[in-house]
Amino acid sequence: MINESLAHTSNILVYAAMTGFVVAMVAFAISLSKSRRIESLEDSVARTNSISPAARLGGTATLEQATVSTAVTDGDERGAGRRAGNIGMSLTWLSTLLLGASILCRGISAHRLPWGNMYEFSLAAGFAISISYCVLSVKRDLRWLGLFIVVPVLLDLGIATTVLYTDSEDLVPALHSYWLAIHVTAATVCVGAFSVGAALSALYLVAERAESRILAGLEVGRTGALANRLPSADRLDLMAYRIHAFMFPLWTFAVISGAIWAEAAWGRYWGWDPKETWAFITWVIYAAYLHARVTVGWRGRKAAYIALAGISAILVNYFVVNILIPGLHSYSGVK
Amino acid sequence: MLSFTAWLRWLWRQLTSMRIALFLLFLLALASVPGSIFPQRGTAPAKVSQYIRDNPKSGLFLDRLHMFDVFASPWFAAIYLLLFISLAGCVIPRLFEYWRELRSQPPAAPKNLSRLGVYQTWHSVASAEVALQDTAKNWAKKGWRVRTGSDYVSAERGYAREFGNLLFHFALLGLLVAVGVGSSYGFRGTVIVREGYGFANNVTQYDSFTPGRAYSVNELAPFSFSLTKFHAAYQVGGMQSGAAREFHADVSVKSSPTALPKKVRIEVNEPLRVAGVTVYLVGHGYSPEFTVRDSKGNVVWKDAAIFLPQDANFTSNGVVKAPDSVPQLGLQGYFLPTVTSDFSMGPRSIFPAADDPEVYMSAWQGDLGLDSGIPQSVYQLDTTKMKRIGIEELAPGEKWVLPNGQGVVEFTGFRQWAAFSLAHDPGKGWALLFAILAIAGLTMSLLIPRRRVWLRITETPDDGNLYEVGGLAKTQAPGLPADVTKLAQLALAIAPEVTRD
Ligand code: HEM
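Heads up: the protein sequence lines correspond to chains R and F, in order.
If you're matching positions, the first sequence starts at 906 in the numbering used here and goes up one per residue.
If you're matching positions, the second sequence starts at 11 in the numbering used here and goes up one per residue.
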């Protein structure tokens, strides 16, 4: 039986988390507007450019040196920017935990893993994005990234609570399997981390544009205003790469565990069902991203576009395939 | 003019270049997209026919482009074959290179260590010769491969990274072969079985049967099973009312004609595995039972007809054909497990369980067209040479006397049926093995850092020597500074720093 009061608590907790994220969004926006790089964009471009090309080709090695002085600051200890950034960070943690509690209540209310329909997947994806960000922020100062994480999370939760909402219920038989825990959990974690990676790749494009305009002696304009509040393009690129590279094996695992589940449920491990097809497309795009990073003429801007194509494929698989294209994976719970 | 072999060599170099590999990867992703947009013969053959019927012009054109069987099309095959040739051409030479690398020594120290990203330096009065030997020994103990030169020590680690990369790419090749072999030496089939009826593993008993290219039907294992009972439960009330909550099929299986029958329950995620064949429960529906008498009072049909569900509430339609009646009789219509009270939107069911079942049938008289030689669907009535003689709603047990004494139709009850998919894929285990190897290789390849660290000792005119440690990351994994610091600490322990003022 469904525990209705717990299911209700779960719904309230989602709204509480969303409220927290909204305030965090405002705080991060203030913090970003007040922050500056320690070393100005112009200076750092000039300095990196002065490092000999041979050393630059050393790749990471040079980066370790270069990043020191491109850190972002949001003013002195008691400045308004720093305070806002701290508030944003704390609220993000709090809202993430509230969201986690909501998911937990939902699961307990139905005595099952709370990922059985699109509403529940969306809550889980929102949680995966924000917890990835929180975990990454433990070791490094990521307040400059907060706005670009909280906004997508809010969009996701907004769609979940309005369009995708479904009451807490039992599962359809196709989902009665321990592979639900393995496959869907792996996929959700990947979606969360790939979203953070995509945010970094998008910001890389902004920073790269500003830096190359400076190199070319052009006005940087509005992109410069944002780029001046971000780490260097190289740094952003490296962070994005590390997240994608770290997650790619897990995504591979998610696809393969899906195939194993499909074998148990439908009698074939791969049948080019639309959902499977897009999981494959996503996989191929991220494999292309990793290859682009080691291909002359493709690293940098083009690789970043490929990473953004990857997250787009994930979104297509989630929204378009689940809702519009009929297939075996029809358990969106949306009518 | 390029000679032919020069041209071939050029082609090969292009094909095995990273740029082309990248391009082919994109092409593969792009080529998969139509497969998710258009219905595919492999998964939904009925929808493909429907699409072509609805859009005759564009449908046939799309069909010629293989848009309805994208993943079996020649152009899709061309892309992945090129990709895998490229892959083989790329990784086989790397395998040899890796072999050579494994047996070679780390490279000599570069001239200027201070230009490396991570760099540390100090002065020490320790003997250069002893420091070189001992540092090399201590570094090697920490798992680095070392080489000692006249005034330097080179260290390198992370060879397993390349191993992982090669393992991954070879596993992909293996996976493709396993998938191909499995589908050529296996088969797939589907069958609908009514409660109380059975199935024997014989080609004639399948509703559809697709053998692999190299499969011979003589290899079919002689097992059989019968469906004792099908059970389904649905949610009552709430937003998801009518959603399936549970279903399973209780069957009695004989693994060979002489074996004792065994009771087994088949569920959605729990197939039956018997004699190398896996039997999956993939669908279910209703089967109303009719007794039909013709104008002379002869029983011309007494059986359970298979009706196919049309919507989530199991509004099901189907037909009965009685070719032995004179003149021939046919019925077509709906089985409604929970009949709606309002027929203004047509006969339909409002809940999937059989809470208030009813059939809504029209009766036809004339020529069923079974002798015309054109194959007919068992689920459709060809009414071109028939005349409708009546239409009626019947509850279980009710009799319908057709007008003008043309016969009697009795709706005696109903049972359920279950649809099973049967598959035999001998490549499955291999595919799984290569998939696991691929993940293992990938993880090694992406997470193991490849690094080089050097120590150089330079004699200085005054007291002591200049010690320099520098490191280079060949990959973008974090942690080079930590590694360099650790190795520098080891060297420092052997050659302590002297501070000069
Ligand atoms: C089915 C096609 C392929 C897939 C899915 C694939 C996948 C991958 C992945 C995920 C990596 C990342 C490992 C890393 O960054 O270290 C990688 C690396 C690599 N791949 Fe592929 N690959 C494919 C085809 C090819 C082909 C055709 C070539 C040869 C042209 C190739 C050459 C390489 C090389 C040289 C690396 C090493 C890059 C490095 O050192 O970081 N791959 N591959």
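Even glycine gets a Cβ: it sits at the ideal position worked out from N, Cα and C.
This one's a predicted model, so the numbers in the text were calculated from it and none came from an experiment.
I'd like to know whether the C-beta of residue i is nearer than 8 Å to at least one C-beta of chain F.
i, result
"R/H1016", "no"
"R/V1040", "no"
"R/S1082", "yes"
"R/N1186", "Strictly speaking, residue 1186 of chain R in this sequence is Ile, with Asn absent from that position. At least one chain F Cβ lies under 8 Å of R/I1186."
"R/E1025", "no"
"R/V973", "Summary for R/V973: the model assigns pLDDT 41, below 50, so the residue's position carries little reliability; its value from the coordinates is reported in the next sentence. Answer no: the Cβ-Cβ gap between R/V973 and chain F never drops below 8 Å."
"R/A1192", "yes"
"R/W1203", "yes"
"R/W1183", "yes"
"R/L1143", "yes"
"R/V1089", "no"
"R/V1077", "yes"
"R/Y1174", "yes"
"R/S989", "Per the sequence presented here, residue 989 of chain R reads as Ala, with Ser not at that position. R/A989 does not count as touching chain F."
"R/Y1223", "no"
"R/A966", "Confidence is the limiting factor: at R/A966 the pLDDT is only 36, short of 50, which leaves the residue's position unreliable and the question unanswerable from this model."
"R/A1256", "Nothing about residue 1256 of chain R can be read from this structure; chain R reaches only from 906 to 1240."
"R/W1177", "yes"
"R/T1128", "no"
Which residues in the same chain as residue i place their Cβ atom closer than 7 Å to its Cβ, once the five residues preceding and following it in sequence are excluded?
i, result
"R/Y1191", "H1149, F1153, W1156 and G1215"
"R/K1240", "Summary for R/K1240: the model assigns pLDDT 42, below 50, so the residue's position carries little reliability, and this model does not support an answer."
"F/D217", "T200, V201 and I202"
"F/A231", "N211, A285, G286 and V287"
Please state the DSSP three-state secondary structure of residue i.
i, result
"F/I384", "coil"
"F/A332", "strand"
"F/W374", "strand"
"F/W464", "strand"
"R/D948", "helix"
"R/G1205", "coil"
"F/P319", "strand"
"F/A210", "strand"
"F/E368", "strand"
"R/A1193", "helix"
"F/Q338", "strand"
"F/L18", "helix"
"R/L1229", "helix"
Looking at ligand 2, does it come within less than 7 Å of residue i, judged from the CB to the closest heavy atom?
i, result
"R/Y1191", "Absence of ligand 2 is noted for the structure shown, with ligand 1 being the only ligands found."
I want to see whether chain R comes within less than 8 Å of residue i, judged by CB atoms only; does it?
i, result
"F/P281", "yes"
"F/Y296", "no"
"F/E256", "yes"
"F/A445", "yes"
"F/L32", "yes"
"F/S431", "yes"
"F/Y290", "yes"
"F/L25", "no"
"F/V263", "no"
"F/K121", "no"
"F/F421", "no"
With a threshold of 6 Å on Cβ separation, who are the neighbours of residue i within its own chain once the five nearest residues in sequence on each side are excluded?
i, result
"F/T288", "P281 and A433"
"R/W1084", "W1166"
"F/A373", "L341, I399, G400 and L412"
"F/S335", "D304 and V310"
"R/I992", "A932"
"R/P1019", "I1008, R1011, G1012 and E1025"
"F/D435", "G192 and G196"
"F/L380", "P333"
Please work out which residues of its chain come closer than 8 Å, Cβ to Cβ, to residue i, disregarding the five sequence neighbours upstream and downstream, and give them in chain order.
i, result
"F/W154", "A165, E166, R167, V463 and L497"
"R/V1056", "M930"
"R/W998", "C1039"
If residue i and residue j are in contact, beta carbons under 8 Å, what's the gap, nearest whole angstrom?
i, j, result
"F/W427", "F/I276", "Rounded, the Cβ-Cβ distance is 13 Å, inconsistent with contact."
"F/F86", "F/V80", "6 Å"
"R/S949", "R/S1014", "Actually they are not in contact, since the Cβ atoms of R/S949 and R/S1014 sit about 52 Å apart, beyond 8 Å."
"F/L25", "F/I95", "6 Å"
Problem set entry | Sequence ranges, alpha helix (DSSP H) only - wholly within the region 48–124 of chain F, length at least 4 | 55–64, 66–74 and 84–112
Problem set entry | Proximal residues, the region 1151–1165 of chain R versus chain B, C-beta separation under 8 Å | Although the question refers to chain B, the structure presented lacks it and instead comprises the protein chains R and F.
For this session: Mind listing, in chain order, the continuous beta strand (DSSP E) runs of no fewer than 3 residues lying wholly within the region 400–441 of chain F?
Result: 409–411 and 418–434
Problem set entry | 4 or more residues per run - each alpha helix (DSSP H) lying fully within the region 157–211 of chain F | 169–194
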